[in-house]
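Protein chains in written order, with the working numbering: chain A, 100 to 645; chain B, 986 to 1243. Heads up, the beta-carbon is just placed ideally off N, CA and C, and yes, glycines get one too.
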């Protein structure tokens, strides 16, 4: 009898730790903050703050973190995925379009789904998949050949597969989708090949397209006047990083990529809406509510796909629904997310392509003469790496590239279907002509002479930096903050850092040896908080020592 | 579906044509400037992955002719036709044969479509200068001979263009690659360590010291640490004549590893 009781208690415990019903309702995603043991969207919730209420790991004990398990990616290449964790199960992607479900406590796999691309897929900058979205017991993944696939979360079998765009014209999907209500929202990449970008929503049950918003207006639509001639037909405007959602306004916000051709604005005179902008769309209809353009007629590839971080702030005495946006163009912006009004902008790295803003929030352009360095350089003051906002510290944290510039050159590139559509190129500003332009090796041949990375803590109210953690090499690591006031991030040097979110002091580090190309995630199982990071081909999971 | 079959056939035809073409070497042993220039434009299709300097993919440096598998031009042609799906490289079978040739020409030119036409002298005379009058071997190492003080030049012919070698000879301080700079560290107990930097990160630096020892230092343990901006290499702007430098460059360009 005693044995039976024990068994029953044991079963109850299992039921508690692994909810049998792992259905992720849209209501659960809405209240993701109420279940910090899980990680339900790409950036941890609709506000995209990548902030967790978990606080078992805090500034006093983070030094006691130890390695719990690792997953070895079998596919070569930078690993940019950000996993979901739902009731003890982790769902992640690996190149090119594999989905893995594993036990988030031990790292052991339940299943692996391998999507076969068409073979025609074309991606400019890496065969990435940044992750899946979940609704009910279904996972959703965009593919390199521009399909959207629904997968059964229990067994990894495909349920439906719809073509989002034509990969023969170099449309591709690398972005992790966002589920809002009963729809899966996704966007397409390929601006380097002259696509016409769009964001589209699909019915999660059937895969039927519900709405589509073109990031480049068509003939007769508002905004077409910002394009010369037929340039809008191949105007670019990729979507490759997941957006945000405000349920009270029912608006979904997405950063839009660069215009095409990348470096020759003469081929597309005008502001080139809605490239390098953030757009606010009605989540039910896809109708544009407002937009704000960060870089008009961009010749620098200042893709504005950075994460629109939503935060409710006291702004000049009144509670404001704000959007915090650290842009690739080197500026940190605060916008009013109800109407897109420009509230403030402050450079967080050296910026010389503009000198400030007019009253309407339009940048005053100061293009550099040919052969002179533009700051920030081509990879930007920051890029797609997730920033973080901690409501506890009131600080916004961004991974930045400092003292990094590029010399641009433009040339005429005629559009050819499916072919590169660059319109020129760039050279990283280096102290001598033979210095390496980009470092992706374990040996650092770049050196800080060409630029370096930093985590910058910005006070959104002033735009000023509160503290800075400077690195020697540049960084592509996203940022996670927690209610334990710990900031987790990695870098190209292969270090995984825990910093004090209030001071920037290094509290703990692990030398993982592979470049960190994505953002850490935290979750908890059976009362134990875990934090994961991808480094090179390894996902490493840490928790406090027993 | 209907569209795929002709494309496959086209790829096969192009690949075959390219293979045949590649088997017939250009008469002069060199690609002409027009081909190189055309390749430079086509390289726009490669730049996002391979980078403006062709060195953005690990273990691949197009400008310097470094590849994991490719050896011959024909290998390059085949790789362009087939792509490398496992690494995410798409097939470029849509390129015409002359476009493929142009791309190969550009890669083989070291991305130097309009580069300065340096005078390149006699490698044998250059080798004599290297070990004799120039005194290069007192610091540099070639194919196992010489010292470790300065960089090993056994593969310098793959890594540098003539103009850049001339610059290194006449303005060593201005042309040293930052990663190769010398460092000077003083330990807590007052010991001074000098050497050539091999690698560096935020916390540590790896170097080869003046006694040819491999040394790794943790910066937090040091009293001081500096990267020396000057180069210890002398300028040969006046100590060697232009003809002697041309000979030396000829020798250096002949060094392509073993």
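- Put simply, the segment 156-176 of chain A touches the segment 621-640 of chain A. At least three CB pairs are less than 8 Å apart.
- Secondary structure of residue 609 (chain A) (DSSP, three-state): strand.
- Shown here for residue 633 (chain A): same chain residues with a beta carbon closer than 6 Å to its own, the five before and five after excluded, namely 178 and 617 in chain order.
- In its chain, beyond the 5 residues on either side, 158, 584 and 606 have a beta carbon closer than 7 Å to the beta carbon of residue 599 (chain A).
- Excluding residues up to 5 positions away in sequence, 449, 550 and 551 lie with their Cβ nearer than 7 Å to the Cβ of residue 502 (chain A) in the same chain.
- Within chain B, no residue has its CB atom less than 7 Å from the CB of residue 197 (chain A), the nearest being about 13 Å off.
- With a cut-off of 8 Å on Cβ pairs, the segment 183-195 of chain A is in contact with the segment 223-242 of chain A, counting three or more such pairs.
- Assignment of residue 1125 (chain B) by DSSP, reduced to helix, strand and coil, places it in the coil class.
- DSSP, reduced to helix, strand and coil, places residue 370 (chain A) outside both helices and strands of the structure shown, so it counts as coil.
- In the DSSP assignment, residue 306 (chain A) falls outside any alpha helix (DSSP H) and carries neither an H nor an E.
- Assignment of beta strand (DSSP E) within the segment 518-572 of chain A, counting only whole runs of 3 or more residues, yields 523-527, 551-557 and 564-569 in chain order.
- The bridge partners DSSP lists for residue 274 (chain A) come to none.
- As the crow flies, the alpha-carbon of residue 361 (chain A) is around 14 Å from that of residue 369 (chain A).
- Exposed is the label assigned to residue 542 (chain A), since fewer than 16 other Cβ atoms lie within 10 Å of its Cβ.
- Within the segment 150-178 of chain A, the residues whose Cβ lies closer than 7 Å to any Cβ of chain B are, in chain order, 175 and 176.
- By the Cβ-count criterion, residue 291 (chain A) is buried, with 16 or more other Cβ atoms from all chains shown falling within 10 Å of its own Cβ.
- The C-beta distance from residue 504 (chain A) to residue 473 (chain A) rounds to 6 Å, short enough to meet the 8 Å contact threshold.
- The criterion of a C-beta distance shorter than 8 Å is not satisfied by residue 303 (chain A) and residue 351 (chain A).
- Contact between the segment 279-287 of chain A and the segment 507-525 of chain A is absent, with fewer than three C-beta pairs closer than 8 Å.
- For the segment 1210-1223 of chain B, residues whose beta-carbon sits nearer than 9 Å to a beta-carbon of chain A comprise 1212.
- Our two residues, residue 626 (chain A) and residue 415 (chain A), have alpha carbons roughly 40 Å apart in a direct line.
- DSSP places residue 1035 (chain B) inside the alpha helix (DSSP H), whose first and last residues are 1032-1035.
- For residue 526 (chain A), the nearest CB of chain B lies under 8 Å from its own CB, placing it at the interface with that chain.
- Between residue 588 (chain A) and the set A:621, A:546, A:429 and A:559, the nearest pair of CA atoms involves A:621.
- Residue pairing by DSSP places residue 411 (chain A) opposite A:420 in a beta bridge.
- The beta carbon of residue 1068 (chain B) is closer than 6 Å to those of 1074, 1075 and 1076 in its chain, skipping five residues each way along the sequence.
- Annotation: Cβ neighbours of residue 570 (chain A) in chain B (cutoff 9 Å, chain order): 1186 and 1187.
- Per DSSP, the beta bridge partners of residue 497 (chain A) are A:555.
- Not one beta carbon of chain B lies nearer than 8 Å to the beta carbon of residue 363 (chain A).
- In chain B, no part has a C-beta under 9 Å from the C-beta of residue 437 (chain A); the shortest such distance is about 37 Å.
- Nearest to residue 602 (chain A) by C-alpha distance, out of A:594, A:558 and A:574, is A:558.
- In this structure, the CA atom of residue 280 (chain A) is about 16 Å from the CA atom of residue 341 (chain A).
- Taking all protein chains in view, the Cβ of residue 227 (chain A) is crowded by 16 or more other Cβ atoms within 10 Å, so the residue is classified as buried.
- Excluding its 5 nearest sequence neighbours in each direction, residue 366 (chain A) has C-beta neighbours in its own chain below 7 Å: 330, 360, 511 and 522, listed in chain order.
- DSSP places residue 163 (chain A) in the helix class (H, G or I) of the three-state scheme.
- The beta carbon of residue 1159 (chain B) falls within 8 Å of a beta carbon belonging to chain A, placing the residue at that interface.
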